[in-house]
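>
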Amino acid sequence: MDLVDNDTFLTRLSELFSSSKQKGSVWLTHKRYVYEGEDVKMSGVGAEDDNEYSVLLRATDGHTKFSTRIQPDELEKYHAAYGALLKSSMTTLRKRDRKREKQRAELQAQRRKKLSEELKVDGPKRGNGRKKRQRQDKALQKQQEAKERIEKAKEAREKAAAAAKS
Numbered sequence: 001m002d003l004v005d006n007d008t009f010l011t012r013l014s015e016l017f018s019s020s021k022q023k024g025s026v027w028l029t030h031k032r033y034v035y036e037g038e039d040v041k042m043s044g045v046g047a048e049d050d051n052e053y054s055v056l057l058r059a060t061d062g063h064t065k066f067s068t069r070i071q072p073d074e075l076e077k078y079h080a081a082y083g084a085l086l087k088s089s090m091t092t093l094r095k096r097d098r099k100r101e102k103q104r105a106e107l108q109a110q111r112r113k114k115l116s117e118e119l120k121v122d123g124p125k126r127g128n129g130r131k132k133r134q135r136q137d138k139a140l141q142k143q144q145e146a147k148e149r150i151e152k153a154k155e156a157r158e159k160a161a162a163a164a165k166s
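Last residue of the sequence shown: number 166 in the UniProt record's numbering, and the count goes up by one each step with no gaps.
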């Protein structure tokens with residue numbers, strides 16, 4: 001990963017945005033830069049940290065990676081330029097497809113409703129209507145299996161949530 005100065009970072013970031021205009025993603029991360037190698041000083045519960053730290057900015061598109069470190073006194077000026085660059089690059093963002101999201105939600109609601117309905121098996125075991133009864137039996141069996149799968153998944157989620165809490 002290349003550590004570049006602030007102005008070079010902005011120019012390379014604009015190039016990265018323009019290269020991923022048609023297809024691709026750009027990931028940006030901001031972190032407080034903590035100097036490695038120092039001993040950590042433990043402070044009391046209510047102690048405040050008055051130190052000013054640098055900010056580490058990283059950018060990548062999956063192939064090219066570069067970063068910069070911004071000093072605390074340059075932060076305001078840099079954020080103005082960085083914000084302007086981000087605003088100009090936001091035009092390439094894809095608009096949410098609410099129609100597709102709505103269709104998916106409706107399909108999921110239909111599936112839930114279908115699972116909640118109890119299937120009725122009727123008709124003769126032999127003779128006319130036998131195939132219809134066999135289809136109903138199979139549908140009932142599939143519905144019960146689906147309910148069991150959902151119940152097991154629900155229990156697993158609850159168990160994972162309980163494990164995460166403890």
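Heads up, the beta-carbon is just placed ideally off N, CA and C, and yes, glycines get one too.
1. Compare the C-alpha of Tyr78 against each of Thr11, Glu148, Arg149 and name the closest.
2. Could you name the residues of the same chain whose beta carbon sits closer than 6 Å to that of residue 171, not counting the 5 residues immediately before and after it, in chain order?
3. Using CA atoms only, rank isn't needed, just tell me which of Val121, Gln141, Asp5 is closest to Lys132.
4. Find out if the Cβ-Cβ distance for the pair Ala139, Leu119 is shorter than 8 Å.
5. Quick one, are the C-beta atoms of Val26 and Asp61 less than 8 Å apart?
6. Is DSSP giving His30 helix, strand or coil here?
7. Quick check: what's the CA-CA separation for Gln134 versus Glu158?
8. Is it buried or exposed, Tyr53, if we count other Cβ atoms within 10 angstroms and call 16 or more buried?
9. Return the first residue and the last residue of the alpha helix (DSSP H) that Thr60 is part of.
10. When the distance is taken between beta carbons, is Leu57 closer than 8 Å to Ile70?
11. At what residues does the alpha helix (DSSP H) containing Lys87 begin and finish?
12. In whole angstroms, give me the CA-to-CA distance for Ser20 and Leu93.
13. By a C-beta neighbour count over all protein chains shown, 10 Å radius and 16 as the cutoff for buried, is Leu28 buried or exposed?
14. Since Leu115 and Gln143 are thought to touch, with beta carbons under 8 Å apart, how far apart are those beta carbons, to the nearest angstrom?
This is what the structure holds:
1. Thr11
2. Lying outside 1 to 166, the shown extent of the chain, residue 171 is not represented and no answer is given.
3. Val121
4. yes
5. Yes, Cβ-Cβ distance for Val26 and Asp61 is below 8 Å.
6. strand
7. 36 Å
8. Exposed, by the Cβ-count rule.
9. Not the alpha helix (DSSP H): Thr60 falls in the beta strand (DSSP E), residues 54-60.
10. yes
11. 75-89 is the span of the alpha helix (DSSP H), which, as asked, contains Lys87.
12. 11 Å
13. With fewer than 16 Cβ atoms within 10 Å of its Cβ, Leu28 is classed as exposed.
14. 6 Å
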